[in-house]
Amino acid sequence: MADDLSKKVEEWNARLDSMRQNGQLKDEAVTDAGIPVKAVYTPLDVSGLDYADDIGLPGEYPYVRGSRNTGYISRLWTMRQNTGFGGGSETNERLKFLMRSGETGLNIILDAPTHRWVDCDHEIATGQVGFTGVSISTLQDMEDLFEDIPLDKARVTLIAQANAPIIMAMYVAAAEKRGIALADLKGDIQNDPLREYEGVGCGGYRVFPMRPALKLALDVMEYAIRNIPQWTPVTVNGHAIREYQISPDMEAAIVLSNAREYLKGLVSRGLNVDQIAPRFGFFMATNHNYLFQEVAKFRACRYLWASMMKEEFHASDQRSYQLRIGTLNIGTFFTRQHALNNITRITLQTLAAVLGGCQSIATMAYDEALALPTEEAQYTSLCIQNIIAHETGITDTIDPMGGSYMIESITKTMRDKIQEWMLKIGEKGGVAEAVDKGFFQKDLVGSQQAMKRLMEVETGERVVVGVNKMEREEELARPRLFAPNPEYEKAQKAKLAEFKNKRDSQRVSEALSGLDRVISTDANVMPCLIEAVKAGATVGETGAILGKHYGEAKRGFVF
Amino acid sequence: MQPKVLIAKVGLDEHYFGALLVSRALRDAGMEVVLIGGDIGPKELARTAAQEDVDVVGISMLIGNYMYLLPECIKQLRQEGKGDVLLVCGGIIDETDYPSLISQGISRIWGPGTPTREIVAFIQQHFAGKAVRKASA
Chain A
3 MADDLSKKVE EWNARLDSMR QNGQLKDEAV TDAGIPVKAV YTPLDVSGLD
53 YADDIGLPGE YPYVRGSRNT GYISRLWTMR QNTGFGGGSE TNERLKFLMR
103 SGETGLNIIL DAPTHRWVDC DHEIATGQVG FTGVSISTLQ DMEDLFEDIP
153 LDKARVTLIA QANAPIIMAM YVAAAEKRGI ALADLKGDIQ NDPLREYEGV
203 GCGGYRVFPM RPALKLALDV MEYAIRNIPQ WTPVTVNGHA IREYQISPDM
253 EAAIVLSNAR EYLKGLVSRG LNVDQIAPRF GFFMATNHNY LFQEVAKFRA
303 CRYLWASMMK EEFHASDQRS YQLRIGTLNI GTFFTRQHAL NNITRITLQT
353 LAAVLGGCQS IATMAYDEAL ALPTEEAQYT SLCIQNIIAH ETGITDTIDP
403 MGGSYMIESI TKTMRDKIQE WMLKIGEKGG VAEAVDKGFF QKDLVGSQQA
453 MKRLMEVETG ERVVVGVNKM EREEELARPR LFAPNPEYEK AQKAKLAEFK
503 NKRDSQRVSE ALSGLDRVIS TDANVMPCLI EAVKAGATVG ETGAILGKHY
553 GEAKRGFVF
Chain B
4 MQPKVLIAKV GLDEHYFGAL LVSRALRDAG MEVVLIGGDI GPKELARTAA
54 QEDVDVVGIS MLIGNYMYLL PECIKQLRQE GKGDVLLVCG GIIDETDYPS
104 LISQGISRIW GPGTPTREIV AFIQQHFAGK AVRKASA
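The listed protein sequences correspond, in order, to chains A and B. Each number in this note's numbering comes from the position in the first sequence (counting from 1) with 2 added on. Each number in this note's numbering comes from the position in the second sequence (counting from 1) with 3 added on.
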């Protein structure tokens, strides 16, 4: 039977090949990961796979079909919208609107000065306070942000990278002030600095050089593992790097390699893999360009994580194997032209994430290329998630695309490609060493891939509807734009001044001296940072102490 | 004449994707390009423009109150004696604010999705027929 099929498929393909030779049919497509997209997939394409070893059942090794055995049937993915502008109170209002609109997780976006670990009144913060995220300089700001929001019930994602230690410290202090037990806090902090050094600024923020940043990140992870049992203290980030147009296999390889680096760092601090691995999450892009490849990427990631847990780290607890993946749309594929088209793109990208079995989906809003999102645009994105969840029937079956000759074939190819990249990174000695050698910056996240794609769009070889196909001289519909209030800066500065007036300066000074002393040792900085926050130290004051010890990150542009 | 260009991402954020691609496109078209960002405010921008003695300043503005920051950049450039550079801008700027910004001294503003050949052409046309680079003021 197999020979029979083999012969038939050969003949079928030969027919198409001759049409291609005569110019009657376009060449077979190839994805950005270099995977050929066949005209047809058959049982022959999966004949080398073993169901038990390569695919399995949901919630069972190797977890390709899903991390949990009841999938979305028992629990939908967490639905999130990135949110942040003005001061704590302004963002608080929008958070409440989103919670009423069906959001089940809160994603907090910080403004640039906060990310850079400076206060809103710092000279370099001028003109940027509260404009692209919420301004947090004091514990009061953090409390304002979460006013009337139950921190023991809400699933909060703090999108903090280089400044994760201070943001985590403020969150803990705010919770303790309300009498909430750390054991009840559920949520995550991104806290992934490594990828920030792997590219030319990947939308994160560099504050200190790489090795101090790594130490601080491990401090946050260790502190949370030991003290905040339900908290995810790292979501290894592939999304930001992916926005530079690298292919999904590269994205996955970087995420898995960075995750391994953090795992090893925590093991060397005396933690057991089963204490660590269940606390990790991944944060990846989701894309609609080669939609099925994206689905395959998520499935391949689960396989490779499970394999790493088994072969390399010898994890015993099943929860170490059950990888949790959060996603966000790839915004560089959105257009300013006819922004309503982005609703379609968000839908298709969300579909890819759902078919890929992701645990958390943050959707951008359709006005992403124009401004911060309006309430209407964010509400529309939440509707997209709910329509997929409740109107399609997709969530009644786990891994519905599983078994498709195409999906299984591409999943296997994706697995192989990701492993190839991971080996290349490993050959450099590991992630940090690879960064030092400029491996990522030049070979992966330099401008080559991005330039290639840009030129494909500009020549029309790659279609982007509204930009090089169906483009219009004049916009048919111009969405109403959200405009942050230029008065935020003045208001925040006034709040900061008032906060400083009311606090006990002596207590702050002592706490900062304590921080200064702790940093000169190798001790975990978190307990001291939390004490400093409780004493009334500001974001900028703690940043300055750390900066004194660690120095500033350097920036170099390779293009 | 091929002008020397400073591409500056003004602001504390680290989103260089657009600035990077424009820098590449300009360099591929034969211009000398200096790219800065991450720590750049209006003062640093103006100082670098003077130090590098550029003919063109391209600002990538993705963050912040551009109605304050861009005029501030113009002011600082003038103070550093670079008020005569060709000043262009890209990023996330509401189109309804273009006229005000242009009246204050920005020659051209481009939004996301603008073909790089348009940017290259605009700059090249501006300097066409100019034989030598002007010495700094």
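Where a beta carbon is used, it is the ideal one built from N, C-alpha and C, also for glycine. Source: prediction; values computed, not measured.
Beyond the five residues adjoining it in sequence on each side, TYR407 (chain A) comes within less than 7 Å, by CB distance, of TYR43, THR44, PRO45, ASP47 and VAL48 in the same chain, given in chain order.
Taken in chain order, the whole alpha helix (DSSP H) runs of length 4 or more contained in the stretch 233 to 303 of chain A are 241 to 244, 250 to 269 and 275 to 278. DSSP, reduced to helix, strand and coil, places HIS340 (chain A) outside both helices and strands of the structure shown, so it counts as coil. Annotated three-state conformation of CYS530 (chain A) is helix, per DSSP.
Between the C-alpha atoms of GLN5 (chain B) and ILE126 (chain B) there is a straight-line separation of about 9 Å. Among the residues of chain B, those whose CB is under 7 Å from the CB of GLU245 (chain A) are PHE20, following chain order. In terms of beta-carbon proximity, THR119 (chain B) lines the interface with chain A, with at least one pair separated by less than 8 Å. Between the C-alpha atoms of ASP418 (chain A) and ARG338 (chain A) there is a straight-line separation of about 36 Å.
Going by DSSP, THR116 (chain A) is part of the alpha helix (DSSP H) stretching over 114 to 117. Pairing PRO488 (chain A) with ASN291 (chain A), the inter-Cα distance amounts to about 37 Å. Annotation for ARG157 (chain A): the continuous beta strand (DSSP E) segment containing it runs 157 to 161. The Cβ atoms of VAL66 (chain A) and ARG304 (chain A) lie closer than 8 Å to each other.
Pairing ALA555 (chain A) with LEU15 (chain B), the inter-Cα distance amounts to about 13 Å. Distance from the CA atom of GLY90 (chain A) to the CA atom of PHE99 (chain A), rounded to whole angstroms, is 14 Å. TRP423 (chain A) sits close to ASP251 (chain A), with the two beta carbons spaced by under 8 Å. By the C-beta criterion, the stretch 16 to 35 of chain B is judged not to be in contact with the stretch 521 to 534 of chain A, since fewer than 3 inter-stretch pairs fall below 8 Å.
In the three-state reduction of the DSSP assignment, MET81 (chain A) falls in the strand class, which pools E and B.
The three-state reading of DSSP puts THR399 (chain A) in coil, since its state is none of H, G, I, E or B. Collapsing the DSSP output to three states places LEU27 (chain A) in coil. For the stretch 93 to 105 of chain B, the set of residues with a beta-carbon nearer than 7 Å to any beta-carbon of chain A comprises ILE95 and ASP97, in chain order. Looking only at A:LEU353, A:ALA364, A:ARG244 and A:GLU378, the smallest Cα-Cα distance to ARG482 (chain A) is reached by A:GLU378. DSSP places ASN109 (chain A) within a strand segment (E or B) once states are collapsed to three. Contact check for PHE210 (chain A) against GLY558 (chain A) fails: the beta carbons are separated by 8 Å or more.
Residue range 541 to 552 is occupied by the alpha helix (DSSP H) that includes GLY545 (chain A), with no beta strand (DSSP E) assigned at that position. Taken in chain order, the unbroken stretches of beta strand (DSSP E) that lie wholly in the stretch 45 to 133 of chain B and span 3 residues or more are 59 to 64, 89 to 94 and 111 to 113. The DSSP assignment places complete alpha helix (DSSP H) segments of no fewer than 4 residues inside the stretch 414 to 476 of chain A at 433 to 438 and 450 to 461, in order along the chain. THR461 (chain A) and LEU27 (chain A) have their C-alpha atoms some 21 Å from each other. With a threshold of 8 Å between beta carbons, THR128 (chain A) makes contact with chain B.
Sequence-ordered contacts of the stretch 318 to 340 of chain A with chain B read THR334, PHE336, THR337, ARG338 and GLN339 [C-beta pairs closer than 9 Å]. Ranking B:ASN68, B:MET64, B:GLN82 and B:GLU83 by CA distance to the CA of TRP113 (chain B) puts B:MET64 first.
Contacts with chain A at 8 Å (Cβ-Cβ) do not include GLY61 (chain B). Distance between TYR381 (chain A) and TYR368 (chain A), taken at the CA atoms: about 10 Å. In its chain, beyond the 5 residues on either side, ASP121, CYS122, ASP123, SER139, THR140 and THR540 have a beta carbon closer than 8 Å to the beta carbon of LEU498 (chain A). Close CB contacts of ARG30 (chain B) within its chain, under the 8 Å cut and outside five residues either way in sequence, are with VAL36 (chain order). What PRO488 (chain A) touches in chain B, judged by beta-carbon distance under 9 Å, is ASN68, MET70 and TYR71, going in chain order.
Between ALA219 (chain A) and ASN260 (chain A), the CB-CB gap reaches or exceeds 8 Å.
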